[in-house]
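Counting in the UniProt record's numbering, the sequence shown runs from 1 upward without gaps. Have a look at the structure below, then the notes.
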Amino acid sequence: MIKLFPQIKTVWDEYKLTLNSINELEKELTTLSDNELKSKTSKLKYLASISKKVVLDEKTIIEGFALTREASKRTINLRHYDIQLIGGLLLNEGKIVEMKTGEGKTLVCTSPALVNALSGNGVHIVTINDYLAKRDVEWMGQIYRFLGLKVGLIQDGASIENRRKNYSRDLTYVTNTDLVFDFLKDNMVMDKKELVQRPFNFCIIDEVDSILIDEARTPLIISREADLLVEKYFKANEASKYLENKKHFEVDQKAKKISLTEKGLNLAKTLLNVDDLYNVQDPWIPYILNSLKARHLFFRDIHYILRNNEVIIIDEFTGRIMEGRKWGDGLHQAIEAKENIQILKGSETFASITYQNFFRLYPKISGMTGTAKTEELEFENIYNLSVSVLPTYQKIKRKDESDLIFVDEISKWRAVAQECLKMYSTGRPVLVGTTTIQNSEVISHLLKTYNVPHELLNAKPENVKRESQIIAQAGCLNSITIATNMAGRGTDILLGGNPEFKALSFTRFILEKLIQEEEFFVPGINLVRLKKALKKNPKLILYLKKNLDILLTVFDISNKKLNLLETFINELYNQLLIKYKEKQKEESNLVKSLGGLYVIGTERHESRRIDNQLRGRAGRQGNPGSSKLFLSLNDPLIRVFGGDKIKKTMQTLKIESEILDYKFLSDSLNTAQQKVEGFYYDQRKTLNKYDQVLDKQRKVIYYLRKKVLSTTFMRDLVMEFSEGLLDDFIGYLNSQNQEGKKLVLPKQILCLLNRLSISNGIIYNNLDKLSTLKKFLYQQLWSSYVYKEFRYSSSTDSRILERYNRIIFFKYIDFYWYKHLENMNFLLDATSWEAYAQKDPFLRYDERATNLLNLTLKDCRDSIIFEIFISNLILTDE
């Protein structure tokens with residue numbers, strides 16, 4: 001019999017032997033003491049550090065994974081399932097692992113992180129926000145610390161010293177933005193002691209699709225404040241109020257671009273009182289286009305919020321605010337002008353890099369997420385990362401129901417509110433996902449009119465503070481939760497609620513009552529010892545008042561040597577935890593009988609992954625659940641990609657129903673999403689393609705900086721640069737000779753020759769003997785520098801010349817790199833027009849960028865040498 005299809009090899013088949021070996025070793029490790037486990041890890045660490053192998057051997061992997069599993073059981077009472085070990089093996093091989101929500105991604109990465117940390121070269125575990133980094137280092141960090149490894153944490157606002165200390169540890173938990181900005185800052189320092197990062201080794205990226213796909217559209221930039229023509233922004237903002245859509249300008253919603261019509265150009269000229277909007281000396285066109293974008297494409301509580309008279313961007317993929325980030329090319333200032341913020345600040349780029357080029361600096365990277373398969377092609381093409389989908393531990397029981405499509409938004413929002421009311425009356429928990437703050441507040445307002453209690457989670461600061469508590473209790477009976485995008489929330493939704501959060505919350509409530517010295521009791525909870533301790537020592541009440549937040553960190557309570565007060569608080573917390581765990585079991589069964597968590601989506605996102613992230617909140621770990629999307633023909637995705645076509649079809653078919661349930665509508669939406677995904681993929685691919693050119697140049701500059709940073713004797717670099725300048729000068733003299741042109745020496749060259757005690761006559765008299773002249777110039781240069789060294793060696797600090805020269809090198813390297821980045825932006829704008837002349841803009845950009853870098857490096861070198869030889873440090877006798 002002929003087999004028509006080959007047998008598909010599953011992950012179970014592929015890792016069966018390794019998995020069996022880990023499981024066999026587990027039996028042996030359970031008999032060992034804690035110290036013996038630590039000793040085994042130390043031995044592995046020693047062998048890994050001296051082997052110098054880039055690829056870990058099978059024995060180290062098996063033993064490291066088995067040790068991690070045993071340490072996890074003993075510290076956080078979690079045992080890695082076999083499928084979680086397979087996930088770890090895939091991560092160790094530098095792959096992306098797709099695991100559904102609630103399947104334990106946080107635990108999965110501990111094994112590969114540990115085995116790759118054994119070499120001592122460091123492992124970075126990259127998370128999407130500070131909360132997740134802190135949570136994971138406190139929770140999973142117990143496993144590593146138990147086995148004798150050091151764990152670091154980088155948080156926003158940490159000092160340079162703190163960052164250096166934490167990056168030096170075996171494993172470091174860090175957010176993607178902190179990691180990249182620390183890299184850029186390290187390439188701006190002027191002393192090796194200021195460096196915070198080590199050479200990269202291995203990183204595991206949590207929510208890898210959010211970081212490498214969603215956030216990869218724009219580069220990360222370090223900038224400084226610059227002078228700004230504030231008046232132009234406000235004038236352009238006023239003018240934009242009088243320009244009408246479709247009459248004076250056209251809006252491309254897909255590409256988020258605006259173009260002026262002939263009428264628009266003429267009216268703009270009149271309003272601004274200028275003859276030419278495109279005047280190179282005094283351009284107005286970028287200001288007017290940005291003002292129109294700010295007015296018609298970027299909206300408050302959708303794309304940004306206003307806080308303390310400041311525009312703060314909202315991350316459209318995670319629903320979080322992005323502190324310290326700004327839109328580029330004047331758009332941010334245009335939005336500020338629209339919002340009538342009087343103090344506008346400009347910016348100049350000092351350093352930049354894209355996520356694509358940054359993460360390619362690691363010898364090995366891997367990642368995990370709940371949604372990656374739809375973007376597999378991009379991961380493979382750009383990052384050379386394959387995606388493996390892990391089966392769930394238990395079969396998924398979630399039902400994804402057909403979309404409901406409404407004719408208008410009012411009908412949609414009313415239907416969502418009524419559905420929430422219906423579920424609330426039965427007790428079934430509901431999670432409503434929205435795309436913007438504005439939409440989340442619309443549904444919140446409607447629920448208030450229906451008297452439906454609910455929680456609201458969006459990017460507004462007052463809501464963000466309670467993020468983990470809100471999400472943790474979204475599975476309780478009668479719970480209605482409204483939240484903007486669910487990527488990277490980091491807290492599982494447990495049916496019946498999260499007992500740990502409830503116990504912690506009630507512990508806080510009781511302690512606050514005790515601080516106020518109120519008499520009360522809680523049924524089933526023994527407070528006698530705690531009350532006695534506080535009455536006996538009033539100072540404890542003051543201590544409790546000051547340190548309440550620190551004392552109520554669950555992970556601290558369970559993992560440090562406790563003083564008497566902390567012991568009593570721990571006892572209280574554990575009593576409450578037992579009580580809430582029992583209650584959660586009862587409530588969970590009741591919620592399951594009602595159908596589990598019900599997820600309602602209120603829009604289709606631009607990417608199917610974001611929809612899947614929301615749906616994935618229901619039906620975790622084999623629980624029942626369901627999801628349904630409530631849509632309208634006015635939703636952005638439908639409106640931009642085919643809304644008019646759908647409306648015309650409805651008119652043709654004479655459809656007047658409020659709710660539309662037609663297959664062609666769902667097919668149109670699927671097609672629209674695929675179009676958007678394709679559009680943004682092309683955008684990221686283009687960004688990556690152009691940034692590859694800049695990346696090569698960045699490596700040249702950063703290599704040069706590192707060379708200056710690590711050079712012990714600056715004389716070698718000074719002479720290398722000086723000889724390069726003289727070689728170019730001799731080349732210039734030779735070309736002038738051959739072409740018979742009159743020789744004109746630049747002013748700086750004349751100053752340099754004067755400093756080297758060389759008269760103009762020597763140059764003119766030896767134009768026919770350039771090899772002799774070159775040798776003479778070299779000798780004069782060397783003797784001049786040796787004399788300079790001799791002078792400074794007799795000063796109070798013989799290293800002063802070394803330090804001075806290093807500063808000069810950095811001063812000009814940084815200055816010319818900053819100017820080069822600015823010129824590269826101009827070059828990008830200029831070459832983008834080449835397409836209209838039937839030329840490939842990228843080829844022109846690549847060619848001109850190379851020439852531009854060569855000129856930048858030459859100018860930088862010349863400026864360094866002129867400064868070193870022509871200027872004088874003032875020496876004193878003091």
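For each residue, glycine too, the CB sits at the ideal point set by N, CA and C.
Can you give me the start and stop residues for the alpha helix (DSSP H) that residue i sits inside?
i, result
"residue 372", "Residue 372 -> no alpha helix (DSSP H), and no H or E assigned at all."
"residue 51", "34-51"
"residue 718", "714-739"
"residue 771", "770-793"
"residue 64", "58-75"
"residue 844", "841-870"
"residue 343", "Counting along the chain, residue 343 falls outside any alpha helix (DSSP H), and DSSP gives it neither H nor E."
"residue 21", "16-29"
"residue 530", "528-536"
"residue 379", "376-383"
"residue 293", "285-296"
"residue 806", "800-831"
Can you give me the C-alpha to C-alpha distance between residue i and residue j, rounded to a whole angstrom?
i, j, result
"residue 84", "residue 18", "13 Å"
"residue 69", "residue 79", "6 Å"
"residue 396", "residue 471", "21 Å"
"residue 351", "residue 154", "21 Å"
"residue 373", "residue 525", "49 Å"
"residue 719", "residue 809", "13 Å"
"residue 864", "residue 376", "47 Å"
"residue 193", "residue 710", "11 Å"
"residue 697", "residue 217", "20 Å"
"residue 686", "residue 702", "24 Å"
"residue 114", "residue 67", "9 Å"
"residue 478", "residue 409", "26 Å"
"residue 457", "residue 841", "45 Å"
"residue 558", "residue 362", "Confidence at residue 558 is low in this model, with a pLDDT of 45, below 50, so its placement is unreliable and the value that follows should be read with caution. Answer to the nearest angstrom: the Cα atoms are 36 Å apart."
"residue 671", "residue 407", "19 Å"
"residue 516", "residue 537", "15 Å"
"residue 583", "residue 594", "17 Å"
"residue 76", "residue 521", "32 Å"
"residue 141", "residue 89", "20 Å"
"residue 676", "residue 713", "55 Å"
"residue 775", "residue 783", "12 Å"
"residue 555", "residue 138", "Interpretation of residue 555 is limited by its pLDDT of 40, a score under 50 that renders its predicted location unreliable; no figure is taken from the coordinates."
"residue 423", "residue 493", "17 Å"
State the CB to CB distance for the pair residue i and residue j, rounded to an integer number of angstroms; the pair is presumed to be in contact (CB under 8 Å).
i, j, result
"residue 681", "residue 393", "About 32 Å separates the two Cβ atoms, so there is no contact after all."
"residue 175", "residue 127", "6 Å"
"residue 146", "residue 358", "Not quite, the Cβ-Cβ distance comes to about 32 Å (not below 8 Å), so this is no contact."
"residue 620", "residue 101", "5 Å"
"residue 857", "residue 845", "Between residue 845 and residue 857 the Cβ distance is about 18 Å, and since that is not below 8 Å, they are no contact."
"residue 443", "residue 602", "7 Å"
"residue 436", "residue 484", "7 Å"
"residue 770", "residue 733", "6 Å"
In terms of residues, what are the limits of the beta strand (DSSP E) holding residue i?
i, result
"residue 908", "Given that the chain is displayed from residue 1 to residue 878, the structure contains no residue 908 and the question cannot be resolved."
"residue 125", "123-127"
"residue 626", "624-632"
"residue 608", "Looking at the DSSP string, residue 608 is not in any beta strand (DSSP E); the run it does join, the alpha helix (DSSP H), is 608-615."
"residue 600", "597-601"
"residue 406", "404-406"
Under 8 Å, do residue i and residue j count as touching if we go by C-beta distance?
i, j, result
"residue 669", "residue 615", "no"
"residue 431", "residue 415", "no"
"residue 106", "residue 130", "no"
"residue 390", "residue 99", "yes"
"residue 104", "residue 170", "no"
"residue 289", "residue 204", "no"
"residue 590", "residue 618", "no"
"residue 792", "residue 801", "yes"
"residue 118", "residue 32", "no"
"residue 751", "residue 816", "no"
Whole runs of the beta strand (DSSP E) within the region 431-510, excluding any shorter than 3 residues: You should have 455-457, 480-484.
Complete runs of the beta strand (DSSP E) confined to the UniProt domain "Helicase ATP-binding" (86-223) [at least 3 residues]: Unbroken beta strand (DSSP E) runs of no fewer than 3 residues, entirely contained in the UniProt domain "Helicase ATP-binding" (86-223), are found at 96-98, 123-127, 151-153, 171-175, 202-206, following chain order.
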